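Engineer: Take this structure, written in structure tokens, and hold onto it; I'll ask about it next.
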Amino acid sequence: MATEASAGRRLRLRGLTAGPHLLAALVVFGSWELYGRVGNPVVMPPVSAVLTGLFDITFGGPLPGALLSSLQLLFVGFATALGLGTLLGILIGRYSLANRVFGPFLNAMYATPDIALLPLILLWFGFGMTGRVVVVFLAAFFPIMINTYSGVRDAPADLLEVGAAFGVDSELGRLRKVILPAALPLIMAGYRLGIGRAVVGMAVAEVYLRLGGLGTLIVQYGAAFRTDLLIAAILPLPLLGIVLTKVFERIENHFQYWRNV
Amino acid sequence: MSSADGRQPKIRLDDIHKTFRWTSKGKQHVVPALEGVTFDIRPHEFLSVIGPSGCGKTTLLRIIASLANADIGKVLIDGREVTKPGPERAMVFQAFGLFPWKTVIDNVKFPLTTRKVPDAEATRRAREQLRRVGLDRFETSHPHQLSGGMQQRVGLARALATEPDILLMDEPFGAIDAQTREYMQEELMKIWHETDKTVVFITHDLDEAVLLSDRILVLSRGPGTVRRVVDVDLPRPRWEYDVRAHPNFAPVRHEIWQLLRRDLQAQTEEETTGGD
């Protein structure tokens, strides 16, 4: 009975929340379309032109290839950040010596905007794949490392004692059986934050370091004043960010279930 | 398994000293916790350790479990000195100490898996202990889905999993509501009767100590030393009658209460006169 009532309320609520969304979309896209039709299409092409542009560059156009190239970059950069970020996070979270050695450098790097490092990265790694991977890596690395660090540092002392009482007698055992499982929810949250940042890093790397991918497409269309295609090429970026973050959120929730106390 | 010789103590505490030292904000802190505790615990006995807060009860138990080292003195089990935790001693923790990410059965299997017992065997033995504490239907639950009393029964099943000779229990029912606690005390009595363990049971609850124990070790206010050992002469099994109504109950309880009260008064006076 109670569930029926609450289900009814939820349905009504959903109608209420969807209404404003639809209205807002109608107003935004409607005025965009109108403005595009009367104004200068180079400054603001109408939505319809952007959508046809998106269709054109997707089917038989350069978008799929660019997207694939971007995803490749994203994957390599994020995987590197995941591996190194987790490893360094464990090291500085668990061993004060490692924290004293690496801590100051990591803090300094974290405080430096990635954009400011781009000329240096270009200088050191060139325009090739390596430079772009470094940019993606830098973007995703810090949330992963910092979350892993926090999780490992706050390892529950009482459970470590339980482990010791029941036969966990090596550092590797402590890490595997107590510290990492306890830190897993935070580590997974770090991965979720990291993947979102990696998408941003990917776009930045491709826009500034060129050579393939969505970023290059964006720059090309910008230079050619094809604003309709420019916007169409930008669209996959937020989409990618949202989808990947949601996927990681799912994985994260899977590791969070026991926290719902 | 255990020494058949009734004269050899199961656990011998030989002149245990422990002092905690640490520095915070440039200030040195030195707090003596135990000062020369010497005591023999008999095989199969139920021994409670009671004393005012801060008397080092838990420290003593952690030293018996080899979770902490004594500065001076040794712990002997069956005549052999121990320095590392072993499967012959198992601990039950006040805050249960269950791994929240593990299911009930995986928690109970934990002491077996860390000691490389094959999985099928570990599962079989874990099930046996879960049945003993009446939780076999909750194998696949997670700790947060269980009540406090149920969680501590998982803790007890886990401690029993390695079939230890000795159960070390650190105020195991302290975090459990009064009604469930009574039930748990009775359950523990029955398990102790069935399994013949030596139990060292830390508590600050007078009634609980008298109800459960063969002997009660009263520690003095910190730094802890053995203040007195009180025999509890009450017939067993004790779940078959109203123990509190037995003529021997009140005198024992009163004796311990007086010992504790004096320490408590001294402690309160010290605190109010500003001593630290």
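So the sequences go chain by chain: A and B. As numbered in the working numbering, residues 1 to 261 make up the first sequence, in order. As numbered in the working numbering, residues 1 to 276 make up the second sequence, in order. Heads up, the beta-carbon is just placed ideally off N, CA and C, and yes, glycines get one too. In this text the structure is predicted, and so the values were computed from the model without any measurement.
If you pair each beta-carbon of the segment 55-67 of chain B with each one of the segment 190-206 of chain B, do three or more pairs fall below 8 angstroms?
Structural biologist: yes
Engineer: Beta-carbon of T38(B) versus every beta-carbon of chain A: anything under 9 angstroms?
Structural biologist: no
Engineer: How far does the beta strand (DSSP E) with R197(A) in it extend, from its first residue to its last?
Structural biologist: Segment 180-209 is the alpha helix (DSSP H) holding R197(A); no beta strand (DSSP E) there.
Engineer: Are the beta-carbon atoms belonging to G85(A) and G196(A) less than 9 angstroms from one another?
Structural biologist: no
Engineer: Quick check: the segment 178-186 of chain A against the segment 122-129 of chain A, are at least 3 beta-carbon pairs closer than 8 angstroms?
Structural biologist: Cβ pair count under 8 angstroms is below three, so no.
Engineer: Taking P164(B) as the query, report the chain A residues whose CB atoms sit under 8 angstroms from its CB, ordered along the chain.
Structural biologist: Simply none; closest approach about 10 angstroms.
Engineer: Taking the C-alpha atoms as reference points, what is the distance between M1(B) and D136(B)?
Structural biologist: Note on M1(B): pLDDT 40, under 50, position unreliable in the model; the coordinate value appears next. The alpha-carbon atoms of M1(B) and D136(B) are separated by roughly 27 angstroms.
Engineer: Can you name the residues of chain B whose CB is closer than 7 angstroms to the CB of W258(A)?
Structural biologist: P100, W101, H142, H144
Engineer: Under a three-way DSSP split, which group does E163(B) fall into?
Structural biologist: Residue state for E163(B) is assigned as coil, using DSSP reduced to three classes.
Engineer: Taking C-beta to C-beta, are A65(B) and L34(B) nearer than 9 angstroms?
Structural biologist: no
Engineer: Check whether chain A comes within 9 angstroms of P52(B), counting only Cβ atoms and requiring the distance to be less than that.
Structural biologist: no
Engineer: I'd like to check one pair, G155(B) with G97(B): are the Cβ atoms closer than 9 angstroms?
Structural biologist: yes
Engineer: Just the C-alpha distance for P111(B) and H17(B), rounded to the nearest angstrom, thanks.
Structural biologist: 29 angstroms
Engineer: Distance, Cα to Cα, A165(A) vs E171(B)?
Structural biologist: Between the C-alpha atoms of A165(A) and E171(B) there is a straight-line separation of about 16 angstroms.
Engineer: Could you list the residues in the segment 147-175 of chain A with a C-beta less than 9 angstroms from some C-beta on chain B, going in chain order?
Structural biologist: D158, L159, E161, V162, G163, A164, A165, F166, G167, V168, D169, G173
Engineer: Taking the beta strand (DSSP E) that F39(B) belongs to, which residues open and close that run?
Structural biologist: 27-41
Engineer: Have a look at I50(B) and D214(B) and give me their C-alpha separation to the nearest angstrom.
Structural biologist: Going by C-alpha positions, I50(B) is about 13 angstroms away from D214(B).
Engineer: Listed from N- to C-terminal order along the chain, which residues in the segment 101-123 of chain B have their beta-carbon within a distance smaller than 7 angstroms of any beta-carbon of chain A?
Structural biologist: Listed by position, the residues of the segment 101-123 of chain B near chain A (Cβ gap below 7 angstroms) are W101, F110, P111, T114, R115.
Engineer: What does A33(B) reach in chain A if we use C-beta pairs closer than 9 angstroms?
Structural biologist: Result: empty, since nearest Cβ-Cβ is about 17 angstroms, beyond 9 angstroms.
Engineer: Going by beta carbon distance, what residues of the same chain come within less than 8 angstroms of D114(A), once the five residues before and after it are set aside?
Structural biologist: Cβ-Cβ distances below 8 angstroms link D114(A) to V135, L138, A139, G201, V204 in the same chain, with the five nearest sequence neighbours on each side left out; the list follows chain order.
Engineer: Measuring alpha carbon to alpha carbon, tell me which of G174(B), T23(B), L260(B), T114(B) ends up nearest R158(B).
Structural biologist: Looking at the Cα atoms, T114(B) is the closest of the given residues.
Engineer: If the cut is a Cβ gap below 7 angstroms, which residues of chain A does L67(B) touch?
Structural biologist: E161, A164, A165
Engineer: Would you mind stating whether L74(A) and A198(A) have Cβ atoms separated by less than 9 angstroms?
Structural biologist: yes
Engineer: Any Cβ of chain B within less than 9 angstroms of the Cβ of K177(A)?
Structural biologist: Put simply, the CB of K177(A) is near chain B, with a gap under 9 angstroms to one of its CB atoms.
Engineer: Please say whether A161(B) and A126(B) have beta carbons closer to each other than 9 angstroms?
Structural biologist: yes
Engineer: Can you tell which of T195(B), A95(B), V117(B), S147(B) has its C-alpha closest to the C-alpha of R132(B)?
Structural biologist: T195(B)
Engineer: Just reading off the alpha helix (DSSP H) that D158(A) is part of, what are its end residues?
Structural biologist: Start and end: 157-165.
Engineer: Closest to D228(A) by CA distance: which of L22(A), M44(A), T130(A) is it?
Structural biologist: M44(A)
Engineer: Just checking, does the segment 239-253 of chain A make contact with the segment 186-193 of chain A on the three C-beta pairs under 8 angstroms criterion?
Structural biologist: Contact check between the segment 239-253 of chain A and the segment 186-193 of chain A: three or more CB pairs, one atom from each, fall below 8 angstroms, which counts as touching.
Engineer: Any contact of the segment 27-43 of chain A with the segment 211-221 of chain A, i.e. 3+ C-beta pairs under 8 angstroms?
Structural biologist: no
Engineer: Looking at the secondary structure, which residues open and close the beta strand (DSSP E) in which V226(B) lies?
Structural biologist: The continuous beta strand (DSSP E) containing V226(B) extends over residues 226-231.
Engineer: Would you tell me roughly how many angstroms separate the C-alpha atoms of A108(A) and A157(A), rounded to the nearest one?
Structural biologist: Distance from the CA atom of A108(A) to the CA atom of A157(A), rounded to whole angstroms, is 30 angstroms.
Engineer: Look at F141(A) and A81(A) and say whether their C-beta atoms are less than 9 angstroms apart.
Structural biologist: Yes, Cβ-Cβ distance for F141(A) and A81(A) is below 9 angstroms.
Engineer: Can you list the residues of chain A that P172(B) reaches, using a CB-CB cut of under 9 angstroms?
Structural biologist: By Cβ distance, chain A contributes nothing, its closest Cβ being about 13 angstroms from P172(B), past 9 angstroms.
Engineer: Note down, in chain order, every chain A residue with its Cβ under 9 angstroms from the Cβ of F93(B).
Structural biologist: The answer, in chain order, is D158, E161, V162, A165.
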